[in-house]
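Peer 1: Sharing a structure, written as structure tokens. Questions coming.
Number of protein chains: 2
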Amino acid sequence: MKFRRSERLIDMTNYLLDHPRQLVPLTFFAERYDSAKSSISEDLAIVKETFEQRGIGTLQTVPGAAGGVKFFVKVSEEESKPFVKELCNLIADPERLLPGGYLYLTDILGNPSIVQKAGQIIASAYSDAKIDVVMTVATKGIPLAYAVASQLNAPVVIVRRDSKVTEGPTVSINYVSGSAKRIETMLLSKRSLAQESRVLIVDDFMKAGGTVMGMISLLEEFNAHVAGIAVLVEAEKIHERLVDEYLSLVQLSEVDVKHKKINVKEGNYFRK
Amino acid sequence: MKFRRSERLIDMTNYLLDHPRQLVPLTFFAERYDSAKSSISEDLAIVKETFEQRGIGTLQTVPGAAGGVKFFVKVSEEESKPFVKELCNLIADPERLLPGGYLYLTDILGNPSIVQKAGQIIASAYSDAKIDVVMTVATKGIPLAYAVASQLNAPVVIVRRDSKVTEGPTVSINYVSGSAKRIETMLLSKRSLAQESRVLIVDDFMKAGGTVMGMISLLEEFNAHVAGIAVLVEAEKIHERLVDEYLSLVQLSEVDVKHKKINVKEGNYFRK
Numbered sequence: 029m030k031f032r033r034s035e036r037l038i039d040m041t042n043y044l045l046d047h048p049r050q051l052v053p054l055t056f057f058a059e060r061y062d063s064a065k066s067s068i069s070e071d072l073a074i075v076k077e078t079f080e081q082r083g084i085g086t087l088q089t090v091p092g093a094a095g096g097v098k099f100f101v102k103v104s105e106e107e108s109k110p111f112v113k114e115l116c117n118l119i120a121d122p123e124r125l126l127p128g129g130y131l132y133l134t135d136i137l138g139n140p141s142i143v144q145k146a147g148q149i150i151a152s153a154y155s156d157a158k159i160d161v162v163m164t165v166a167t168k169g170i171p172l173a174y175a176v177a178s179q180l181n182a183p184v185v186i187v188r189r190d191s192k193v194t195e196g197p198t199v200s201i202n203y204v205s206g207s208a209k210r211i212e213t214m215l216l217s218k219r220s221l222a223q224e225s226r227v228l229i230v231d232d233f234m235k236a237g238g239t240v241m242g243m244i245s246l247l248e249e250f251n252a253h254v255a256g257i258a259v260l261v262e263a264e265k266i267h268e269r270l271v272d273e274y275l276s277l278v279q280l281s282e283v284d285v286k287h288k289k290i291n292v293k294e295g296n297y298f299r300k
Numbered sequence: 029m030k031f032r033r034s035e036r037l038i039d040m041t042n043y044l045l046d047h048p049r050q051l052v053p054l055t056f057f058a059e060r061y062d063s064a065k066s067s068i069s070e071d072l073a074i075v076k077e078t079f080e081q082r083g084i085g086t087l088q089t090v091p092g093a094a095g096g097v098k099f100f101v102k103v104s105e106e107e108s109k110p111f112v113k114e115l116c117n118l119i120a121d122p123e124r125l126l127p128g129g130y131l132y133l134t135d136i137l138g139n140p141s142i143v144q145k146a147g148q149i150i151a152s153a154y155s156d157a158k159i160d161v162v163m164t165v166a167t168k169g170i171p172l173a174y175a176v177a178s179q180l181n182a183p184v185v186i187v188r189r190d191s192k193v194t195e196g197p198t199v200s201i202n203y204v205s206g207s208a209k210r211i212e213t214m215l216l217s218k219r220s221l222a223q224e225s226r227v228l229i230v231d232d233f234m235k236a237g238g239t240v241m242g243m244i245s246l247l248e249e250f251n252a253h254v255a256g257i258a259v260l261v262e263a264e265k266i267h268e269r270l271v272d273e274y275l276s277l278v279q280l281s282e283v284d285v286k287h288k289k290i291n292v293k294e295g296n297y298f299r300k
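Protein chains in written order, with my numbering: chain A, 29 to 300; chain B, 29 to 300.
Right, here's the structure in full:
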């Protein structure tokens, strides 16, 4: 059965969005739609142009016999700026303030469409980077980590604070939490991370960066490498930030728990 | 700037996939593409036909002045059967067996493309149901819960086993774990669930169903209702299953930890 161009474009769009950073051979589409490769090439040119124009992403063509096409998410600033601005407004509600300068973000992190868009935006910054694995720590960072990982076509590994039978053997480290200066433990299933992996660390919230430093120490135990660090929200300017190189979508400043005041602005994402 | 039909179809496809179960007014698309409503209607008819033919989902047209179009995920059996079969094969590896009849599933649950597809398939079964919230318990169920929730346009609430400052005040209950017959505690942030909510419970693994029963008791404390229960994997036929009505994608049978034998088959999903 032959497919019309319009049907091909719709199905291709769905297929490519569902398979980011995966090489799809032209022959795959040619067989799927019983169409000539030349028609498929024309289709893909239209998809690429539209994806770029609408700030969705881009297609990369890999030439040759083993070639094909790969979709990379690239949310345009035109799309991401208003989203981050709205996120800032959502977060600026002083009712969110909790003891210790923490914020109640559970409702925001529980909203899949916010988390997914944030994941697409963060993944856009790493779409050209070599990322083998996305790592986060249980529990709050998990949804964002998956949202990023699904765009980067990378598995997620979850660091835990307690051991579970369903993890099998684990490697654990101790670390100093940056803000509270307490000694804490974190652990990771031994099976879950290969040596020399390039790891993107993703978390929902960063204060001084102690938790992120803990994850970095854990990576060393696996001979793995930090390929990037990205957080949804960073707390107000900390004097002794333990981590220098990171990406944030939102930054808090002038958090005053006593007077229920909180200032929220764009993170460093657009300045990188 | 005018858009050609091909560009409209591509962008519409992306937009609709990104906004499941949300009413999109025809005027929204008409303005977005500077096109007549009649052209948009024709576009949507092509999108609907292709989505249905390719087993992606369907579009529902809501007539009238406040009308528009809604996308519902509906993965066809033609698409979901082979996926579940492959999932069974992946799970059937006897190396996954852990003490107590548990399975090592961390790698599978860590693969966003598997989790996303499983989420689409589960969400297809509830696409016509009224679901206000998807609920799961930390940690392993979280990714699947988000994958389901993002297709149902519903928020996720996460039940925890320990209290965290970032949750604010919580409601807690005790429950008897079905298989180990131990008393356990679970708790949920007070702010996170509205009265009378219709809740879909999602988890990665169900043995006797104690954890699910715990979640149901917790729902009662919030005057909320169970709208459905879905799990990725159910353990082998338990004599005293605490929960009757549930959906599973995969079912274990003849788990023999001593002889490292395990039998895996399709869950009840396709028999419902």
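Note that the Cβ used here is the ideal one computed from N, Cα and C, for glycine as well.
1) Starting from the C-beta of A:Thr213, find all residues in its chain whose C-beta is less than 6 Å away, skip the five residues before and the five after it, and write them out in chain order.
2) Is there a C-beta anywhere in chain A that falls below 7 Å from the one on B:Pro183?
3) Report the option in B:Tyr174, B:Thr167, B:Ile38 whose CA atom is closest to the CA atom of A:Arg82.
4) Is the number of C-beta pairs between the region 254-264 of chain A and the region 220-237 of chain A that are closer than 8 Å three or more?
5) Alpha carbon to alpha carbon, how far is B:Glu262 from B:Asn296? Give it in angstroms, no decimals.
6) What residue ranges within the region 92-147 of chain A form continuous beta strand (DSSP E) runs of no fewer than 3 residues, ordered along the chain?
7) Considering only the alpha carbon of each residue, which of A:Lys168, A:Phe250, A:Gly95 lies closest to A:Asp135?
8) From B:Pro91 to B:Pro53, what distance separates their C-alpha atoms?
9) List, in chain order, every chain A residue whose beta-carbon is nearer than 7 Å to that of B:Gly196.
10) In the structure shown, what three-state DSSP assignment does A:Gly85 receive?
11) When DSSP builds the beta bridges, which residues end up paired with B:Pro251?
12) Mind checking which residues open and close the beta strand (DSSP E) that includes A:Asn291?
13) Give the interface partners of A:Thr78 over in chain B, defined as CB-CB distance under 7 Å, in chain order.
14) Can you list the residues of chain B that A:Thr167 reaches, using a CB-CB cut of under 9 Å?
15) Secondary structure at A:Glu195, three-state DSSP: helix, strand or coil?
16) Let me make sure I understand the geometry here. Which of A:Lys192, A:Gln179, A:Ala151, A:Ile142 has the alpha-carbon closest to that of B:Ala177?
17) Between B:Leu118 and B:Arg299, what straight-line distance do the alpha-carbon atoms span, to the nearest angstrom?
18) B:Lys145: buried (16+ other C-beta within 10 angstroms of its C-beta) or exposed?
19) Got a sec, what are the start and stop residues for the beta strand (DSSP E) A:Leu275 sits in?
20) Within 10 angstroms of its Cβ, does A:Ile150 collect 16 or more other Cβ (buried), or is it exposed?
21) Evaluate contact between the region 179-197 of chain B and the region 155-168 of chain B, counting only Cβ atoms and requiring at least three cross-stretch pairs below 8 Å.
22) Quick one: list the residues of chain A neighbouring B:Asp135, beta-carbon separation under 8 Å, in chain order.
23) Bridge partners of A:Met214, per DSSP?
24) By how many angstroms is the C-alpha of A:Gly147 removed from the C-alpha of A:Val103?
25) Can you list the residues of chain A that B:Gln144 reaches, using a CB-CB cut of under 7 Å?
26) What residues in the region 39-64 of chain A have a beta carbon less than 7 Å from any beta carbon of chain B?
27) On the CB-based measure, 16 or more other CB atoms within 10 Å of its CB, does A:Pro171 come out buried or exposed?
28) Nearest CA to the CA of A:Leu51: which residue from A:Leu126, A:Val97, A:Lys192, A:Ala64?
29) Which residues of chain A have a Cβ atom closer than 8 Å to the Cβ of B:Gly138, listed in chain order?
30) Any C-beta of chain B sitting closer than 7 Å to the C-beta of A:Val254?
31) Beta carbon of B:Phe250, beta carbon of B:Leu221: below 7 Å?
32) Is the CB of A:Arg210 under 7 Å away from at least one CB in chain B?
33) Assuming contact is defined by CB atoms lying nearer than 7 Å, are B:Phe57 and B:Ile74 in contact in what I supplied?
34) Is there at least one Cβ from chain B nearer than 7 Å to A:Val90's Cβ?
35) At least one CB of chain B closer than 7 Å to the CB of A:Val101: is that the case?
Peer 2: Once the coordinates are examined:
1) These residues qualify, in order along the chain: Ser200, Asn202.
2) yes
3) B:Ile38
4) yes
5) 10 Å
6) 96-101
7) A:Lys168
8) 10 Å
9) Result: Leu126, Tyr132.
10) The answer is strand: DSSP assigns A:Gly85 an E or B state.
11) It is Asn, not Pro, that sits at residue 251 of chain B in the sequence shown. Partner(s): none; B:Asn251 has no beta bridge.
12) 289-294
13) Glu35, Ile38, Asp39
14) Ala166, Thr167, Ile170, Ile186, Arg188, Lys192
15) helix
16) A:Ile142
17) When the Cα atoms are used, B:Leu118 and B:Arg299 turn out to be separated by approximately 22 Å.
18) buried
19) Note, A:Leu275: beta strand (DSSP E), 275-284.
20) buried
21) yes
22) Pro183, Arg219, Ser220
23) A:Ile201
24) 10 Å
25) Ser178
26) Listed by position along the chain: Asp39, Thr41, Asn42, Leu45.
27) The residue is buried, with at least 16 neighbouring Cβ atoms inside 10 Å.
28) A:Val97
29) Pro183, Val184, Val185, Ile186, Ser220
30) no
31) yes
32) no
33) no
34) no
35) no
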